[in-house]
Structures are given as structure tokens and as C-alpha cells.
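Colleague: Have a look at this one before I ask anything.
Protein chains: 2
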Amino acid sequence: MSDAEPALSRERIIAAAVALLDAHGASGLTMRKLADHLGCGVMSLYWHVKRKEAVLDLALDAVLAFNQPSETADWRADIIHLLQDWRRAMLRHPWSAALLPRQVLGANTLARLEALSHALSRGGVAPADLNAAIWSLWNYVMGATLTFASFNLSAADRVAAQQRLEDLSGHHPTITQSRLLLDDDWDGVFAKGLGFLLDGLARR
Amino acid sequence: MSDAEPALSRERIIAAAVALLDAHGASGLTMRKLADHLGCGVMSLYWHVKRKEAVLDLALDAVLAFNQPSETADWRADIIHLLQDWRRAMLRHPWSAALLPRQVLGANTLARLEALSHALSRGGVAPADLNAAIWSLWNYVMGATLTFASFNLSAADRVAAQQRLEDLSGHHPTITQSRLLLDDDWDGVFAKGLGFLLDGLARR
DNA sequence: CGATTGACTCGTACAGTGTACTATGAGACA
DNA sequence: TGTCTCATAGTACACTGTACGAGTCAATCG
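These protein sequence lines are chains A and B, in that order. Position one of the first sequence corresponds to residue 1067 (our numbering), numbered consecutively onward. Position one of the second sequence corresponds to residue 1067 (our numbering), numbered consecutively onward.
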């Protein structure tokens, strides 16, 4: 515990929080552990941050740091790139999906929304459809991320889940047959579904 | 506290849990409060239920009780009906969105997935696209539900959010102009986005 | 009949949580 | 030197999930 620690700050706190979340998941973040990690007293944190929830909010937005990508002539490819990047940023920190239910519109989230909106406009989506298009894509990305974070089981777990599904009476013939839970090509499924959605959008 | 209480049971426990969750939200459910509500000791609950997480899992699936709807000639309308019902079931219990991150495939969820899968097959979605189609629609519904549950602010909050957005530098001209956060027609947006997705699916 | 077993109920206790309150020191300026 | 503000903390409190073990009561068995 060298006293050469740099001064406590909001930034240092959320950086430590992200590290702890990455290492031990959402349930592993404790104000006490956070303080230990920073070599400070627990209550010192509360000078920089109102309550624990604020730490989580800030950590989520921090993870979504955003570099404005350059626009290309292909608006559709731009959108796909944008959303893939969004998804990847969250999957790099799987706890972020669990934090989605809290309503956060941090600076980074807003920047991403703005870029998305801009790309859609360039793509010729009618102004009357714009908000619905933004929310649809947002919903899709968030849902896909959430699903992946929840269902990305180990191979063994996956087989067990499919088995349970088959046992649960033979009442689910279609999804049993399509091996819905054994399919682990999440990236492919994400891209394909995004394609469906963009196809539908492009028809307007 | 009449001792004519019906015997404790898993069913009674989760019914009480749903009632408490409806009344006080996810953070309002405590094993102690649950026991008080049922007129029993706290530890009695643990005979019927392994741990608190199990209560939440069971409550989530309970809320998704599913009545197989009759099929019509219009598969697209069937799917829309299916997904609207799914969404409505969850919105009736807003805490359910916050529980989504836990991976639950209860009987009711599976029944709904099966019905969805069946309707898509009837609609002529190619078998190779089937899983992607199911997950896409699932992702969309979950994302939309999550978004609504998180963002359905009061009118005052909504104005404040939009204001904050405008203040946050003028760096977000497009979404400021489209009044993304002031638009509160969530049902309409949901239906429209679902339309986009189904349009895209139908093209295959 | 008493003894035994099993299903079920629950009081106590413990380690851990977020955070309110309060006290303390460090520099800056008078 | 004395204040004043910023910043750091220790202590304390109410509350959480749940392990442990002791209790109750009905059914079963010898």
C-alpha cells in the first residue's frame, strides 16, 4: 500500500470497477472489494460517486467507448459494421448484458445512436420510419447480446439443455428437430438476422 | 395468521413471489418478505426451493403461461399475434425484463418457441434459415421488451432526457431532431419493427 | 401398542451487503 | 495563525441470503 497511489478519481474508480467486473462478474463487484483494489477506504468512494448503482451505470458506458468510424459509400455495410462493433464491445464484457435493464444513456451510447441514425438517413430511410428503424436495430442488438450472454453454454451444458428439451415430453417436435440449442454459430445467426432486418428496412 | 393456511407448496410460493414482484419490483422481493406474505418461517421456503434464484426463475416462467392459439391461414398474422402476446405477458410484469439475463428455458418459454418455430415453417421459411429466424424474432422481442421496460419514463423524465441529450453538446443533431426520446408510441414502434423483420424474412 | 422413519416447519446465527454519520487531516488563503 | 473547502476514512446500522440443527406431526412397521 504505497502512498504513491495516484489520487482517487471517478475515472480510476470506474476503471477498477470494470476490471473487477471482468474478473468476477456482476455479483463480484462490491464496494469493499473495489476499495481494497484501489487501496482506499470504502467510504472514500462515495465522495466521487453517489451510490453503487452509479458505478454500474458508469462502467457500462465506459465499456461502450466509441470511435467514430469513417463513412463509406455503402451505408448498409456501415450499419452492419456499427452494430457488430457495438455487439463486440459488449461481449468483451459479458456482465454488460446483465446491466442493460438499467436505463443508461451515457455519452458513448448516445454517440453510437447518433452514428446509427445518420447512417440510416443516408440510406434513404424515410424520416417517418427513422425512429422505428433506430429502435428496431437497437432492440435487435440488445436482444442478441442478451441472448448470447445468457445462452452461450459450454458444449456439455448445451447438449444437456437439448436433451432436457427432448425429454420435456415430445411436445416440441419442431425445435427439437431443428436442434435450436445445439446450433452454436452465434455470430452467423446474428449476421443473418441483421440481414433480414436490413432487407425489410430497405424495402421502404 | 389463521392456521387454516393451505399447506406451503412450490406453487403457492411462486404465486406469492409474483404478487410481491408486481407490487414492489425486483428489488422488493426478499425471502423474509415472501415468508411473511405466506405466513410461514423464512427457512420453510428452502424446503420447497433450492435458493432465491430458483424463485426468480420459476416466477419468470410462471408469468409466461401460454395458451396455444389456433392457427389461421395467415401465418404472418399468427406470428405477429404470438409475439405481441409474448411481449404483453412480460410488460404486464415489468420486473420480468430485468430477469431476462438469467438463462431460463421453462416449459412455457419452450412452448412459445415451439409455436413460433411451427408458424415459421408453415410460412415457408427455408429449414436452413429457420434457426436464424427464430433467434432473430426472439432477440427482437426480448430487446424491445427490455428497452420499453427501461425507457418508459414518465413524461417529465422523457422531456428531461431529451433536454439532457440536446445539452450534451450539440453533437447529436440527428437524434435530437428526430426527437427519438420524445416519441412514446412504443406499441407502434414495436409493430413497425416487427414488420421490417418479417418483410426481410419473407423475401427468402 | 411403541418405535421408527420421513416429510416438513422454523429459530438462531453468521458472514456479507450498501451506505449514513461523523471525525480527521491537508493544503490554500486570510 | 485560524478558517475554509476538498478529500479520505472508521464505525455503526439495518438488512440480505442461507447453513445448521432442532423441532413437529402423520404414516408405517414390528
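Built from N, CA and C at the ideal position, the CB exists for glycine as well.
#1: Could you compute how far the alpha carbon of A/W1204 sits from the alpha carbon of B/L1149?
#2: Tell me, please, whether the CB atom of B/D1123 is closer than 8 Å to any CB atom in chain A?
#3: Of the residues B/A1198, B/L1130, B/R1153, which one's Cα is nearest the Cα of A/G1245?
#4: Does DSSP classify B/N1205 as helix, strand or coil?
#5: CA-CA distance, A/H1159 and A/L1087?
#6: At the level of alpha carbons, what is the spacing between B/D1069 and B/D1102?
#7: Rounded to the nearest angstrom, what separates B/G1236 and B/A1226 at their Cα positions?
#8: Helix, strand or coil: how does DSSP classify A/P1239 here?
#9: If you compare alpha carbons, which of B/F1214, B/W1152, B/D1265, B/Q1243 is closest to B/D1250?
#10: With 16 as the cutoff for other CB atoms within 10 Å, does B/M1067 come out buried or exposed?
#11: Thinking B/D1127 and B/T1175 are a contact (beta carbons under 8 Å), I'd like their distance in whole angstroms, please.
#12: Note down the Cα distance separating A/A1221 from B/R1224, rounded to an integer number of angstroms.
#13: Do the CB positions of A/A1083 and A/V1121 come within less than 8 Å of each other?
#14: Could you say which of A/A1089, A/A1257, A/A1194 lies nearest to A/T1211 if we only look at CA atoms?
#15: Could you tell me how far apart the beta carbons of A/L1263 and B/G1266 are, in whole angstroms, since I believe they sit closer than 8 Å?
#16: Can you find a C-beta in chain A that's less than 8 Å from the C-beta of B/I1145?
#17: Starting from A/T1175, trace the alpha helix (DSSP H) in both directions and tell me its first and last residue.
#18: What residues from the segment 1083-1097 of chain A come within 9 Å of chain B, judged by C-beta to C-beta, listed N to C?
#19: Please report whether the beta-carbon of A/Y1206 lies at a distance below 8 Å from any beta-carbon of chain B.
#20: With respect to the alpha helix (DSSP H) encompassing B/G1266, which residues constitute its N-terminal and C-terminal limits?
#21: Distance check for B/L1095 and A/A1163, CA to CA, integer angstroms please.
#22: Using CA coordinates, which residue listed in A/R1117, A/W1152, A/R1168, A/R1230 is at the minimum distance from A/L1130?
#23: Can you pull the chain A residues whose beta carbon is under 8 Å from the beta carbon of B/T1175, in chain order?
#24: What are the residues of the segment 1147-1160 of chain B that lie near chain A, defined by any Cβ-Cβ distance shorter than 9 Å?
#25: Whose Cβ in chain A lies nearer than 7 Å to the Cβ of B/E1232?
#26: Let me know if B/G1259 comes out buried or exposed under the rule of 16 or more other beta-carbons within 10 Å of its beta-carbon.
#27: If we count the other Cβ atoms within 10 Å of its Cβ and call it buried at 16 or more, is B/P1167 buried or exposed?
#28: Over what stretch of residues does the alpha helix (DSSP H) that includes A/V1225 continue unbroken?
#29: Comparing alpha-carbon positions, which option in A/I1079, A/T1242, A/A1081, A/A1092 lies nearest B/V1181?
#30: DSSP state of A/F1214, grouped into three classes?
#31: Residues in the same chain with beta-carbon distance under 8 Å from B/R1178, minus the five sequence neighbours each way, listed in chain order, please.
#32: Does the separation of the CB atoms of B/I1200 and B/S1183 fall below 8 Å?
#33: Please list, in chain order, the chain B residues whose beta carbon lies closer than 7 Å to that of A/I1241.
#34: Kindly list, in the order they appear in chain B, the residues whose Cβ is closer than 9 Å to that of A/R1269.
#35: Using the Cβ count rule (16 or more neighbours within 10 Å means buried), how would you classify B/A1143?
#36: Give the interface partners of B/L1212 over in chain A, defined as CB-CB distance under 9 Å, in chain order.
Modeller: Once the coordinates are examined:
#1: Position 138 of the first sequence, counted from the start, is the residue given in the question as residue 1204 of chain A. Position 83 of the second sequence, counted from the start, is the residue given in the question as residue 1149 of chain B. Each residue's Cα considered, the two are about 18 Å apart.
#2: Reading the second sequence from its first residue, position 57 is the one you call residue 1123 of chain B. Chain A, which has no Cβ nearer than 8 Å to the Cβ of B/D1123, makes this no.
#3: Along the first sequence, read from residue 1 onward, the residue named residue 1245 of chain A stands at position 179. Looking at the sequence provided, one finds Arg at residue 1245 of chain A rather than Gly. Ranking the options by Cα distance to A/R1245, first place goes to B/A1198.
#4: For this step, residue 1205 of chain B is matched to residue 139 along the second sequence. Three-state result, B/N1205: helix.
#5: As a first step, residue 1159 of chain A must be located in the first sequence, where it is residue number 93. As a first step, residue 1087 of chain A must be located in the first sequence, where it is residue number 21. Roughly 8 Å separates the two Cα atoms.
#6: Sequence index remark: in the second sequence, residue 1069 of chain B carries index 3 (1-based). Sequence index remark: in the second sequence, residue 1102 of chain B carries index 36 (1-based). The pLDDT assigned to B/D1069 is 42, lower than 50, so where the model puts this residue is not dependable, and the model offers no usable value.
#7: Position 170 of the second sequence, counted from the first residue, corresponds to residue 1236 of chain B. Position 160 of the second sequence, counted from the first residue, corresponds to residue 1226 of chain B. Rounded to the nearest angstrom, the two C-alpha atoms are 16 Å apart.
#8: Here residue 1239 of chain A corresponds to residue number 173 of the first sequence, with the count starting at 1. Looking at A/P1239 - three-state DSSP - the assignment turns out to be helix.
#9: Position 184 of the second sequence, counted from the first residue, corresponds to residue 1250 of chain B. The residue with the shortest Cα to Cα distance from B/D1250 is B/F1214.
#10: One-based indexing of the second sequence puts residue 1067 of chain B at position 1. Model confidence at B/M1067 stands at a pLDDT of 38, short of 50, so the residue's coordinates are unreliable; what they give is reported in the following sentence. Exposed, because fewer than 16 other Cβ atoms sit within 10 Å of the Cβ of B/M1067.
#11: In the second sequence, counting from the first residue as 1, residue 1127 of chain B sits at position 61. In the second sequence, counting from the first residue as 1, residue 1175 of chain B sits at position 109. The pair is a contact, with the Cβ atoms about 6 Å apart (cut-off 8 Å).
#12: Position 155 of the first sequence holds residue 1221 of chain A. Position 158 of the second sequence holds residue 1224 of chain B. Taking the straight line from one Cα to the other gives about 44 Å.
#13: Counting from 1 along the first sequence, the entry for residue 1083 of chain A is found at position 17. Counting from 1 along the first sequence, the entry for residue 1121 of chain A is found at position 55. Contact flag set, yes.
#14: The residue labelled residue 1211 of chain A in the question sits at position 145 within the first sequence. Nearest C-alpha to A/T1211: A/A1257.
#15: In the first sequence, the residue the question calls residue 1263 of chain A occupies position 197. In the second sequence, the residue the question calls residue 1266 of chain B occupies position 200. Their Cβ separation, rounded to whole angstroms, is 6 Å, which keeps A/L1263 and B/G1266 in contact under 8 Å.
#16: What you label residue 1145 of chain B is simply residue 79 of the second sequence in a count that begins at 1. Not closer than 8 Å to any Cβ of chain A, the Cβ of B/I1145 fails to qualify, so no.
#17: For this step, residue 1175 of chain A is matched to residue 109 along the first sequence. Residues 1173-1188.
#18: Hits within the stretch, in order: A1092.
#19: Along the first sequence, read from residue 1 onward, the residue named residue 1206 of chain A stands at position 140. Cβ-Cβ to chain B under 8 Å: yes for A/Y1206.
#20: Counting from 1 along the second sequence, the entry for residue 1266 of chain B is found at position 200. Here the alpha helix (DSSP H) through B/G1266 covers 1252-1268.
#21: Walking along the first sequence from the start, residue 1163 of chain A turns up at place 97. Walking along the second sequence from the start, residue 1095 of chain B turns up at place 29. Rounded to whole angstroms, the gap between the alpha carbons of A/A1163 and B/L1095 is 22 Å.
#22: Numbered from 1 along the first sequence, position 64 holds the residue referred to as residue 1130 of chain A. Among A/R1117, A/W1152, A/R1168, A/R1230, the Cα nearest to that of A/L1130 belongs to A/W1152.
#23: Looking up residue 1175 of chain B in the second sequence gives position 109. Simply none; closest approach about 11 Å.
#24: none
#25: Walking along the second sequence from the start, residue 1232 of chain B turns up at place 166. The premise fails here: B/E1232 is roughly 11 Å from chain A at the closest Cβ pair, so nothing lies under 7 Å.
#26: Within the second sequence, the letter at position 193 stands for residue 1259 of chain B. Buried, by the Cβ-count rule.
#27: Here residue 1167 of chain B refers to the residue found at position 101 of the second sequence. It counts as buried.
#28: Within the first sequence, numbered from 1, the residue matching residue 1225 of chain A stands at position 159. 1221-1233 is the extent of the alpha helix (DSSP H) around A/V1225.
#29: Looking up residue 1181 of chain B in the second sequence gives position 115. First, the residue type needs correcting, since residue 1181 of chain B is Ala and not Val in the sequence shown. Out of A/I1079, A/T1242, A/A1081, A/A1092, the CA that lies nearest to the CA of B/A1181 is found in A/T1242.
#30: As a position in the first sequence, residue 1214 of chain A is number 148, starting the count at 1. A/F1214: helix per DSSP, three-state reduction.
#31: Taking the first residue of the second sequence as position 1, residue 1178 of chain B is located at position 112. Short of 8 Å from the beta carbon of B/R1178, and not among the five residues preceding or following it, lie these beta carbons of its own chain, in chain order: L1130, F1132, L1148, W1152.
#32: Taking the second sequence and counting its residues from 1, one reaches residue 1200 of chain B at position 134. Taking the second sequence and counting its residues from 1, one reaches residue 1183 of chain B at position 117. Yes. Within cutoff.
#33: As a first step, residue 1241 of chain A is located in the first sequence; it is residue number 175 there, counting from the start. What A/I1241 touches in chain B, judged by beta-carbon distance under 7 Å, is L1179, E1180, S1183, going in chain order.
#34: For the purposes of this step, residue 1269 of chain A is taken as residue 203 along the first sequence, with counting starting at 1. Under the 9 Å cutoff, chain B gives F1262, D1265, G1266, R1269.
#35: Within the second sequence, numbered from 1, the residue matching residue 1143 of chain B stands at position 77. Exposed: under 16 other Cβ atoms inside 10 Å.
#36: Sequence index remark: in the second sequence, residue 1212 of chain B carries index 146 (1-based). Near B/L1212 (Cβ distances below 9 Å), the residues of chain A are L1166, P1167, N1205, M1208, G1209, L1212.
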